[in-house]
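Undergrad:
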Amino acid sequence: MLKVKNETYKKLLKINEQLAHYESILSLLYWDDRVCMNPKAAEYRGKQIAIITEYIHKVRTSKKYGQLVNSLNLDDYKKYSIEWVNVKWWKFEYERNSKIPPKLISKLSSLIPTSLQAWEKAKKEKKFKILLPYLKKIVSINKEMIEKWGYDEEPYEALVKGYEIDITPKEIEKIFSPLKENLIKIIQKYKGKEVPKIEIDKIKFDTQKLEQFCKFLIKKISNLEIRLDPTSHPFATTISPFDIRITTRYNSIESAIFGTLHELGHGLYDYYLPSSKYFGQPVSNSISLSIHESQSRFFENIIGRSRNFWEFFYRELTKHIEDFKNIKIDDFIKHINKIDLKPIRTEADETTYNLHIILRFNIERKIFNENIRLEELPELWNETFKEYFGYYPENDSIGVLQDIHWAESLFGYFPTYTLGNLISAQIYNTMKNKVNFDEIKQGNFENIIKFLKENIYDYGKTYTTKELIKLITNEPINPQHFINYIESKLKEVYN
506 MLKVKNETYK KLLKINEQLA HYESILSLLY WDDRVCMNPK AAEYRGKQIA IITEYIHKVR
566 TSKKYGQLVN SLNLDDYKKY SIEWVNVKWW KFEYERNSKI PPKLISKLSS LIPTSLQAWE
626 KAKKEKKFKI LLPYLKKIVS INKEMIEKWG YDEEPYEALV KGYEIDITPK EIEKIFSPLK
686 ENLIKIIQKY KGKEVPKIEI DKIKFDTQKL EQFCKFLIKK ISNLEIRLDP TSHPFATTIS
746 PFDIRITTRY NSIESAIFGT LHELGHGLYD YYLPSSKYFG QPVSNSISLS IHESQSRFFE
806 NIIGRSRNFW EFFYRELTKH IEDFKNIKID DFIKHINKID LKPIRTEADE TTYNLHIILR
866 FNIERKIFNE NIRLEELPEL WNETFKEYFG YYPENDSIGV LQDIHWAESL FGYFPTYTLG
926 NLISAQIYNT MKNKVNFDEI KQGNFENIIK FLKENIYDYG KTYTTKELIK LITNEPINPQ
986 HFINYIESKL KEVYN
């Protein structure tokens, strides 16, 4: 009997290794679409993606595959062993995937490239109605999928489960509610208080030199060869083990620098996962989007906005953009950490960023739990934004259209950003007792990355988000660590 189970396990390894190569091809197609493809090719790219996506889905939902997966018993394996992790995730993914017909997956996959083109156009022209017909189709397909997956407490839960297997929307609400209250209090406390005014947006810069500086950051922090390309909406992707690609945008100096650091955090996590050793196996993957986001926000904010970081990198910045020689490093550090009630999430400061996410989380719940009319989205967005930030966005482009996620059918994704922020602060609080962050002043990131490798990267998908946080910090996700971290930082910024 054991021999039969071993043979079954080996068959599943072989099937999933082959499918992982197809997924690598998909990643390359998506990357090309977002970085250098002619927009006119969107329809054909959609068909290419749909064919591969449908094939992968057909294999993973086939009767033969299901028989292999169902013949394995999780109790036959030692908990948290590589085999146990793989079998656990094969079972979860088969159960979830097999509920969705391949034609529905294909329908969604082929719709996304044209939806993304519509989003680009809508954003440029500041007209939500351009995206609306595509969004209606995407939401409709997602609602079909929710009904097929099923849920315990609310429809939106089925979408969140695609990104966080063991954190429900109600649990997220319990974490977000005290966070929102505290953030609004903190914003009120510092409202009207000034920091030395420096107008970085008015500094003229050479895009090539800014790109060179961003590449210098990547190399110095990671000591790896990681590709960097320009795009309209920054992202990181893994084509295959060791082929990590990140993107940023050069519309502003701050956007380019902090976008690069953010995506580098994602890239480092992907690079050091055990994917070359266990290619195609669930254990080689990242735990969740929340943990992934904790890594990107850790490098973007906790590291990238720290005094230690800029004591090393500021001189290099002045070499690439000479106008920074006229700005004191103290003033620069205060500027990049001040509260700034910007309308755009990706340009938001650390304090207000999470309000942007809570806004999206609440709207997504309304879309799927309350079935609001999508025509009402801009108004709902603007009114909620006014409640949180005190003013209305000027137009749809910097309001409801600012993010790519809904055009890409990434519902349930947004809450992972704030969960990631909270987790990064909680892990940082533990790291401070074990890692000397003063080493950053000398441009040394070796021990920081070593800690992350040993405590996060090396585990792959062994644990769930909740389990890993408990393992590293000895407590569940606790927003108080982030609140303490922000309050401590703002005291320095505002003296």
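So for the sequence shown, our numbering puts the first residue at 506; every next one is plus one. Ideal Cβ positions, reconstructed from N, Cα and C, are used throughout, including at glycine. Source: prediction; values computed, not measured.
1. Mind checking Met506: buried by the 16 CB within 10 Å criterion, or exposed?
2. Taking the alpha-carbon positions, what's the Glu794 to Ile953 distance?
3. If Leu636 sits next to Ala623, beta carbons under 8 Å apart, how far is it from one beta carbon to the other, in whole angstroms?
4. So, helix, strand or coil for Thr969, using DSSP?
5. Have a look at the DSSP bridge pairing and note the partners of Thr753.
6. Helix or strand or just coil, what does DSSP make of Asp835?
7. Write down every uninterrupted run of the alpha helix (DSSP H) in the stretch 680 to 712 whose length is 4 residues or greater and which is fully enclosed by it, in chain order.
8. By how many angstroms is the C-alpha of Ile834 removed from the C-alpha of Gly551?
9. Ends of the beta strand (DSSP E) at Thr742?
10. Buried or exposed for Pro701, please, with buried defined as at least 16 other CB atoms from any protein chain shown within 10 angstroms of its CB.
11. Could you give the distance in angstroms between the alpha-carbon of Glu913 and the alpha-carbon of Leu621?
12. Do the stretch 768 to 777 and the stretch 799 to 811 meet, that is, are 3 or more Cβ pairs less than 8 Å apart?
13. Based on DSSP bridge pairs, tell me the residues matched to Asp748.
14. For Cys842 versus Ile945, is the C-beta distance shorter than 7 Å?
15. Which class does Phe942 belong to by DSSP, given the choice of helix, strand or coil?
16. Is the beta carbon of Ser969 less than 7 Å from the beta carbon of Thr935?
17. Please classify Tyr585 as buried or exposed, where buried requires at least 16 neighbouring CB atoms within 10 angstroms.
18. Evaluate the contact criterion for the stretch 870 to 879 versus the stretch 643 to 659: three or more CB pairs, one atom per stretch, below 8 Å.
19. Between the stretch 817 to 833 and the stretch 673 to 685, can you find at least three pairs of beta-carbon atoms closer than 8 Å?
20. On the three-state DSSP scale, how would you describe Met506?
21. Identify every run of the alpha helix (DSSP H) within the stretch 887 to 958, keeping only runs that are complete inside it and at least 4 residues long; order them along the chain.
22. Alpha carbon to alpha carbon, how far is Trp886 from Arg865? Give it in angstroms, no decimals.
23. Nearest CA to the CA of Tyr819: which residue from Ile903, Lys515, Glu805 and Phe837?
24. Once DSSP output is grouped into helix, strand and coil, what is the label at Lys563?
25. Are the Cβ atoms of Ser645 and Ala555 separated by less than 7 Å?
26. With a threshold of 8 Å, are at least 3 pairs of Cβ atoms found where one atom belongs to the stretch 554 to 570 and the other to the stretch 591 to 606?
27. Thinking C-beta only, is Val590 closer than 7 Å to Leu579?
28. In terms of residues, what are the limits of the alpha helix (DSSP H) holding Gln800?
29. By the DSSP assignment, the alpha helix (DSSP H) with Glu600 in it spans what residues?
30. Helix, strand or coil: which one does DSSP assign to Ile988?
31. Can you round the beta-carbon distance between Thr752 and Leu733 to whole angstroms, since I take them to be within the 8 Å contact cut?
32. Could you check where the alpha helix (DSSP H) with Val665 kicks off and where it finishes?
33. Between which residues of its own chain and Val788 is the CB-CB distance below 6 Å, once the five residues before and five after are set aside?
34. Could you tell me the distance, in whole angstroms, from the CA atom of Lys629 to the CA atom of Asp581?
TA: From the atom records:
1. Since pLDDT at Met506 reaches only 48, below the 50 mark, its modelled position is unreliable, and no value is offered.
2. Looking at the sequence itself, residue 794 is Leu, so the reference to Glu does not match. So the alpha carbons of these two residues sit roughly 21 Å apart.
3. 5 Å
4. coil
5. Pro735
6. helix
7. none
8. 47 Å
9. Ala741 to Ser745
10. exposed
11. 7 Å
12. yes
13. Ser745
14. Note on residue identity: the sequence assigns Asn, not Cys, to residue 842. No.
15. helix
16. Just to set this straight, residue 969 is Thr in the shown sequence, not Ser. No, Cβ-Cβ distance for Thr969 and Thr935 is not below 7 Å.
17. exposed
18. yes
19. no
20. Bear in mind that a pLDDT of 48 at Met506, under 50, signals an unreliable position, so the number given afterwards is only what the model happens to contain. Note: Met506 maps to coil in three-state DSSP.
21. 920 to 936
22. 8 Å
23. Phe837
24. helix
25. no
26. yes
27. no
28. Leu794 to Arg802
29. Ile587 to Asn602
30. helix
31. 7 Å
32. Tyr661 to Val665
33. Ile587, Val590, Asn591, Gly965 and Lys966
34. 56 Å
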